[in-house]
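*Asks:* Sharing a structure with you now.
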Amino acid sequence: MPGSIPEPKMNKLITSLHLIPQLPEIYSFFYPLSIIPLITPELYSKYPFFSVTRELDGVTIVAGLPQGEKGVVVDGQVRSLIEFEKHDVDSGRWFGPWKAIKIRGPLYLGLTGILHEFLTPLRKAEINIYAISTWPTDYILVPAEKLERALTVLREDGWMVIQPNEKTELYSKTQR
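Here the sequence shown stands for residues 1 to 176, where the numbers follow full-length UniProt numbering.
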């Protein structure tokens, strides 16, 4: 637009905007309110990534499965992913596996345009996403089979991708 002020370019190299690929495979499940799964404190400690969102018509659970685990605790019992495939659509839906990319954070709540800047190259590369925002940071889930492509696209766009140290979850190795 004539006379509009151009937006300043975001500095993607500042530490809080570094990207950290996460290890567990992540699945999302949607249930109508009539069959809300039993959510207990045990679930919060069991899964390395766990998010619950209640809406007017249902509840969405997003859980990162520990490596090698082929099921999720739902309605108080372990259900395998194969069992979910056989379930009637009315009893719930699941999607996955996803892989998460964490924006390192913490993100100052006054920052604007971070998700837009992050998602634009993924949109151009036709990589679908599922975003989850938390108080200190954002997680962008991409289909597991597209993770490496997504990281390549983001690196090419100027984002710094770092790997966590598996023991301490400190970020020791950088990649460009």
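In this text, a Cβ means the ideal position worked out from N, Cα and C, and glycines have one as well.
Would S28 pass as a contact of F118 if the rule is Cβ separation under 9 Å?
*Replies:* Going by C-beta atoms, S28 is not nearer than 9 Å to F118.
*Asks:* From the DSSP output, which residues share a beta bridge with S133?
*Replies:* Bridge partners of S133: D138.
*Asks:* Can you tell which of Y47, I129, T137 has its C-alpha closest to the C-alpha of L151?
*Replies:* Residue I129 is the option with its Cα nearest to L151.
*Asks:* Is A144 helix, strand or coil when you go by DSSP?
*Replies:* DSSP places A144 in helix when its eight states are reduced to three.
*Asks:* How is the beta strand (DSSP E) around L65 delimited, first residue to last?
*Replies:* Counting along the chain, the beta strand (DSSP E) containing L65 begins and ends at 58-65.
*Asks:* Between the beta-carbon of L19 and the beta-carbon of I101, is there less than 9 Å?
*Replies:* Yes, the pair counts as a contact, with Cβ atoms nearer than the cut-off.
*Asks:* With C-beta atoms as the reference, is P24 less than 9 Å away from L147?
*Replies:* Result no, Cβ atoms of P24 and L147 do not sit closer than 9 Å.
*Asks:* F30 and V52: beta carbons closer than 9 Å?
*Replies:* No, they are not a contact pair.
*Asks:* Report yes if the C-beta distance between G105 and S16 is below 9 Å; otherwise report no.
*Replies:* Cβ distance < 9 Å, so G105 and S16 count as in contact.
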